[in-house]
Structures are given as structure tokens and as C-alpha cells.
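Here is the structure we will look at, set down as C-alpha cells.
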Amino acid sequence: MPTKVYIAPRVEILAQSGIESIPTEYVRPVEERQDLGDALEEVKKQIASGVPQIPVVDLKGFDSDDHETKMACVDSVKKAAEEWGVMHIANHGIPEDLLDKVREVGKKFFDQPIVQKEQYANDQASGKIQGYGSKLANNASGQLEWEDYFFHLIYPVDKTDLSIWPKDPSDYIEVTKQFAEHLRTVVSKMLSILSVGLELEEGKLEREIGGKEDLLMQLKINYYPKCPQPDLALGVEAHTDISSLSFILHNGVPGLQVYKENRWITAPCIPDTMIVHIGDTLEILSNGKYKSILHRGLVNKEKVRISWAIFCEPPREKVVLKPLEELVTDETPAKFTPRTFQEHIERKLFKKKQAEEAAAAAAAQAANGHKPNITN
Ligand SMILES: O=C(O)CCC(=O)C(=O)O
Ligand SMILES: [Fe+2]
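Counted from 1, the sequence shown has number 387 at position 137 by my numbering; the numbering is strictly sequential.
See the structure below:
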């Protein structure tokens, strides 16, 4: 008997097939369609409508010898982290030509024929999460996202597995290593600024999440093909990042949306900046002062979008995440129970599964002509 080979559905294949309507698994339910549309149009509408925009913060002041200049920088980052949980950072210190190379090698990898990329396919079922992949329909609703991706650990160097990094283009590894080194410095700087913003000692947050040795940086290159029905699909469904901090670099095509004050706000592309998210881990440590914001990725009809998301994470088991003692008082009691990063991930997956099962059951009952029984 021939062995059954499982072919993972690559969104790129679907996009290239010339279909005019997307398969039902990619069609988002009506409840998710608020402010959903073609990213290129949404961003134009957004700018015209005058809604508040994700703040832009300048990191340069933090290196100043002048105390006031330094504190002005801290205050702007603190305000953005408290009010938005996301910001564009300017003057981050990573050379622009290195970032261009990061964009170039990622694009070249994805420009290869799919068979070449399949050599790097991950295998989520067997726990091999690094590599080339697409979302599997493993949830109750069977919903899929309009993207393929490449995922791998980039820092610390001794924990990386270069054997699974792309060999083509030939400078992928060198460029990515250099990028990781530079970005690690920015991670420390952001954590210092955010520590000072909480009136803690500069090194506090970084130490709490693993320090130089144990803080991990994972890279996910999101590849969003053109989509014939961007008003029905999502590149990445709504979520908050589990990380401590996430950095996003992109190829100049908009797509990121964040949820604030009951509406989705589409992020414009601002040259020479990167986007930084506060993740769940810092929300917990800061006892909810810094926010981990709900966000999602839109797609569009005309342009392929690529984004490079770098997740900075604490080690899975080594540290217990809980609100820092200094921030817990009678007036501000702890808002989060202690948990390891691994436990946090499991709790979140469990909650998501429960919500999906409830939604699938309600949809099935509605399709059968019954009213969903909400007491169940
Ligand atoms: O592509 C983006 O801008 C967002 C991606 C994202 O949120 C993620 O990968 O967690
Ligand atoms: Fe995210």
C-alpha cells in the first residue's frame, strides 16, 4: 500500500492558482469582520478619518548624558506602553542597510519555488516547530490564516540550530546572525527604558525574564500572498503576543491592525522605524501597567506583504512570571497569578480551544435551526 503523504496547504499555491473566491476555511465569521478590508484601502481611510495613531517614539534621547533628555525618552515610551502597548520606534540604532539586507534575504527565500521551500517544512505534529509552515486546521472551527511563514530561533547563538536555517540565499545565515546581534542590543535598551518607566532599576526587567543567557529571540517571517477577497480573510487572526517584547519589521506594505477603543486601527508604514509590541509577559510583570494589545494582520489584493516578527521570550520553565513585588500594593493588588511561561502558553491555548469549541457548537446548532443553548 502506498504511504499517505500529507501535503500541507500552502497559501501561496492557492494565491497563484488564480481563484477569485477564497475557500470557506479562510472566510472569517461575521463577528470578526469589523474594520476588515483590503489593507491598502484601510490604511488610506484611516489616515483620512483622523483617528488616533499608534505613537512614534524616538529612542535616541535615552543615550543622552542630560537627565532631562533621557527622562523625556523614558516618559514617551512609558506612555505608549501604558496607553497602547505598541509603538513605532525611531533611532533604534540598527543600520538601515542591514535591515534592507534582512528584507532582501527573506524575500529571496520566499521567491524560490515552493518545492525548494518544502525541504524546510516544519512538522508541528511531531513537535518540530522550526521551519517553513502554514497554519494547520487543528481547531474546532477549522479556520485558516492567509499566510505561510518561516520560523526559527535566532538568539542566543548557542541555542540556535543553523542546520534548519535557509541555505538559499547563501547570505541568509550571515545577515540573520548580524541582525540578531544588533536587535539584541535594542531589546536590552527597550527593557531598560521600560524598567526606568516603572521606577525600577535599569537592569530589572531583563534580569527577570532570563538575562543575556536565557532570554530567547524567535524569528517568524510572515509571508502574506495577495488575496482575492481581503475583506473576508485575515493574514493573522486576532491575538495578543505571549512574548515579553515583539519587534516587527516589514516590506513597506501595511497590514497590522491593533484593537483600541472598540475599533481596529490600521498601522501606517513609517520609514526607518520598527514596531514594538509589549507582550503578555511584560503585562504580567508590570501588573497590567503596560498593555499587551490585541492585534491582527490584514491582507490585500495587490501586493505581497512580508513581515519579520521577532518574539523575545523568557525561558519556558526557569522563571516564574508574576507581578513584580515593587508594583504590588494595597491599592494595586496583583492582577495575575504566578505561572511559568510554559504554563501561560498552555492556559492560553486551553482558553482559545474552549472559545473555539463554543463558537463551533453555536454555529452547528444555529445551522440545525436551534438556538444555541448558552447555559451549556
Ligand atoms: O504581520 C504583522 O504585522 C503582525 C504579525 C503578528 O502579529 C505575529 O506574527 O504575531
Ligand atoms: Fe502578534
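Here a beta-carbon is modelled for each residue, glycine too, at the ideal position from N, C-alpha and C.
Given the structure is predicted, the values throughout are model-derived calculations rather than measurements.
Of the residues the options, which one's Cα is nearest the Cα of residue i?
{"i": "Ala-298", "options": "Tyr-405, Ile-515, Lys-367 and Ala-322", "result": "Ile-515"}
{"i": "Pro-521", "options": "Val-306, Ala-265, Lys-476 and Ser-442", "result": "Val-306"}
{"i": "Asn-341", "options": "Ser-536, Gly-502, Asp-308 and Glu-511", "result": "Asp-308"}
{"i": "Val-327", "options": "Leu-448, Glu-576 and Ile-595", "result": "Leu-448"}
{"i": "Tyr-370", "options": "Lys-295, Phe-429, Tyr-509 and Gly-381", "result": "Gly-381"}
{"i": "Asn-501", "options": "Ser-420, Leu-349, Lys-462 and Asp-411", "result": "Leu-349"}
{"i": "Ile-304", "options": "Val-578, Asp-464, Leu-506 and Val-407", "result": "Leu-506"}
{"i": "Gln-393", "options": "Asn-618, Val-365 and Glu-607", "result": "Glu-607"}
{"i": "Lys-329", "options": "Thr-523, Leu-599, Ser-445 and Phe-586", "result": "Ser-445"}
{"i": "Ser-438", "options": "Arg-546, His-489 and Leu-465", "result": "Leu-465"}
{"i": "Ala-584", "options": "Ser-376, Gln-374, Lys-539 and Val-554", "result": "Lys-539"}
{"i": "Met-321", "options": "Glu-452, Ala-612 and Lys-510", "result": "Glu-452"}
Taking residue i and residue j to be in contact with their CB atoms under 8 angstroms, please state how far apart those CB atoms are, rounded to whole angstroms.
{"i": "Asp-315", "j": "Arg-513", "result": "That pair is no contact at about 42 angstroms."}
{"i": "Leu-499", "j": "Trp-415", "result": "Not a contact, Cβ separation roughly 18 angstroms."}
{"i": "Lys-272", "j": "Pro-478", "result": "Per the sequence shown, residue 272 should be read as Ile rather than Lys. Rounded, the Cβ-Cβ distance is 6 angstroms, consistent with contact."}
{"i": "Gly-300", "j": "Ile-556", "result": "Contact doesn't hold; Cβ gap of about 29 angstroms is too wide."}
{"i": "Lys-541", "j": "Glu-332", "result": "7 angstroms"}
{"i": "Leu-290", "j": "Pro-504", "result": "7 angstroms"}
{"i": "Gly-590", "j": "His-338", "result": "The displayed chain sequence assigns Thr, not Gly, to residue 590. Between His-338 and Thr-590 the Cβ distance is about 32 angstroms, and since that is not below 8 angstroms, they are no contact."}
Report all residues from its chain with a CB closer than 7 angstroms to the CB of residue i; omit the five preceding and five following residues, and keep chain order.
{"i": "Asp-288", "result": "Pro-480, Asp-481, Asn-550 and Lys-551"}
{"i": "Thr-582", "result": "Asn-537"}
{"i": "Glu-395", "result": "Lys-385, Leu-484, Gly-485, Val-486 and Glu-487"}
{"i": "Ser-494", "result": "Ile-459, Gly-529, Thr-531, Leu-532, Cys-562, Glu-563 and Pro-564"}
{"i": "Met-251", "result": "Note that Met-251 has pLDDT 47, beneath the 50 cutoff, so the model's placement of it is unreliable and the number below is only indicative. Same-chain partners within the cutoff: there are none."}
{"i": "Phe-429", "result": "Leu-348 and Val-352"}
{"i": "Glu-463", "result": "Pro-406"}
{"i": "Ile-344", "result": "His-432, Leu-433 and Val-436"}
{"i": "Val-255", "result": "Here Val-255 scores only 43 on pLDDT, less than 50, and its place in the model should not be relied on; the value that follows carries that caveat. Cβ within range, chain order: n/a, list empty."}
{"i": "Lys-454", "result": "Ser-445"}
{"i": "Leu-535", "result": "Leu-455, Glu-458, Leu-571, Pro-573 and Leu-574"}
Taking 7 angstroms as the line, does the beta carbon of residue i fall inside it for any heavy atom of ligand 1?
{"i": "Ala-488", "result": "no"}
{"i": "His-545", "result": "yes"}
{"i": "Ser-384", "result": "no"}
{"i": "Lys-602", "result": "no"}
{"i": "Ala-289", "result": "no"}
{"i": "Lys-357", "result": "no"}
{"i": "Asn-618", "result": "no"}
One question on the structure: do residue i and residue j come within less than 8 angstroms of each other, judged by their Cβ atoms?
{"i": "Cys-562", "j": "Met-467", "result": "yes"}
{"i": "Ile-525", "j": "Val-336", "result": "yes"}
{"i": "Asp-580", "j": "Asp-530", "result": "no"}
{"i": "Gln-470", "j": "Phe-401", "result": "Correcting the residue identity first, residue 470 is Lys in this sequence and not Gln. The answer is yes: Cβ separation under 8 angstroms."}
{"i": "Arg-260", "j": "Asp-398", "result": "yes"}
{"i": "Glu-456", "j": "Leu-441", "result": "yes"}
{"i": "Ile-443", "j": "Phe-312", "result": "yes"}
{"i": "Pro-588", "j": "Lys-601", "result": "no"}
{"i": "Gln-362", "j": "Asp-408", "result": "no"}
{"i": "Ile-364", "j": "Glu-262", "result": "yes"}
{"i": "Gly-547", "j": "Asn-472", "result": "yes"}
{"i": "Arg-566", "j": "Gln-592", "result": "yes"}
{"i": "Ile-543", "j": "Val-508", "result": "yes"}
For ligand 2, is there any heavy atom lying closer than 7 angstroms to the beta carbon of residue i?
{"i": "Val-496", "result": "The displayed chain sequence assigns Ser, not Val, to residue 496. Correct: Ser-496 has its Cβ closer than 7 angstroms to ligand 2."}
{"i": "His-500", "result": "no"}
{"i": "Ala-298", "result": "no"}
{"i": "Ala-483", "result": "no"}
{"i": "Ala-559", "result": "yes"}
{"i": "Asp-491", "result": "yes"}
Can you name, in chain order, every residue of its own chain whose Cβ lies under 6 angstroms from the Cβ of residue i, other than the five neighbours on each side?
{"i": "Phe-277", "result": "It is worth fixing the name first, because residue 277 is Val in this sequence and not Phe. Correct list, in chain order: Leu-482."}
{"i": "His-527", "result": "Val-336, Asp-491 and Ser-496"}
{"i": "Lys-310", "result": "Asn-341"}
{"i": "Lys-367", "result": "Tyr-382"}
Take residue i and list the residues in its own chain whose beta-carbon comes closer than 8 angstroms to its own, dropping the five residues that flank it on each side.
{"i": "Ala-614", "result": "none"}
{"i": "Leu-450", "result": "Leu-574 and Glu-576"}
{"i": "Pro-518", "result": "Val-293, Gln-296, Ile-297, Gln-303 and Pro-504"}
{"i": "Glu-282", "result": "Leu-484, Glu-487 and Ala-488"}
{"i": "Thr-410", "result": "His-402, Leu-403 and Ile-404"}
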